[in-house]
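Trainee: To start, I am sharing the structure in question, which I have written as structure tokens.
In the numbering used here, the protein residues as written are 562 to 735.
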């Protein structure tokens, strides 16, 4: 099983390799978390970052589908993907094992999107839906995310792109 986990990690890291302003957060359990736009400094808009996240999510699903499962205990694996857009606070935490951590309500929503996702699907928040609805198809999710003390958060399933009339800045960099 360790071999399969390594194959999966390499496949996902290959998808994000060489991408500017894409940061892989330190592993937390079985999660592979990526943040886009952490160091924006006027380089891109939230719209561009969310579009890049959607494209990466589709590429990650494709990479998992193409994994060579020869000799593995299972013949197919699926990943659960969640996408949210919002602000977060970051810093280095822990004296004994220092690592970069992002905190805030946006991180809680993101975590909930991933946790309530289904295998090989991309679960997105209402904010992401709002930013991408002109470019992608969506299905309404039956899931609503509840954060303690907060109103329910609507969510959607990100489907395929509507059209590819012009390349995005992210695609042009490919």
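Glycine included, C-beta positions come from ideal geometry on N, C-alpha and C.
Is residue 722 helix, strand or coil when you go by DSSP?
Mentor: Residue 722: strand per DSSP, three-state reduction.
Trainee: I'd like the list of long-range same chain contacts for residue 663, defined as Cβ closer than 6 Å, with 5 residues on each side in sequence excluded.
Mentor: Excluding residues within five positions, the ones whose Cβ falls inside 6 Å are 649 and 651.
Trainee: Flag this pair as yes or no: are the beta carbons of residue 541 and residue 569 separated by less than 8 Å?
Mentor: Absent from the model: residue 541. The displayed extent of the chain is 562 to 735, so no value can be given.
Trainee: Closest to residue 624 by CA distance: which of 631, 576 and 615 is it?
Mentor: When only C-alpha atoms are compared, the closest one is 576.
Trainee: If distances are taken between C-alpha atoms only, which option among 633, 593, 638 and 611 comes closest to residue 688?
Mentor: Selected option, being the one with the closest Cα: 611.
Trainee: Taking the C-alpha atoms as reference points, what is the distance between residue 619 and residue 635?
Mentor: So the alpha carbons of these two residues sit roughly 22 Å apart.
Trainee: Work out the CA separation of residue 679 and residue 633 for me, nearest whole Å.
Mentor: Their Cα atoms are separated by approximately 22 Å.
Trainee: Taking only runs that begin and end inside the segment 606 to 647, name each unbroken alpha helix (DSSP H) of 4 or more residues, in chain order.
Mentor: Counting whole runs of 4 or more residues, the segment 606 to 647 contains the alpha helix (DSSP H) stretches 607 to 626.
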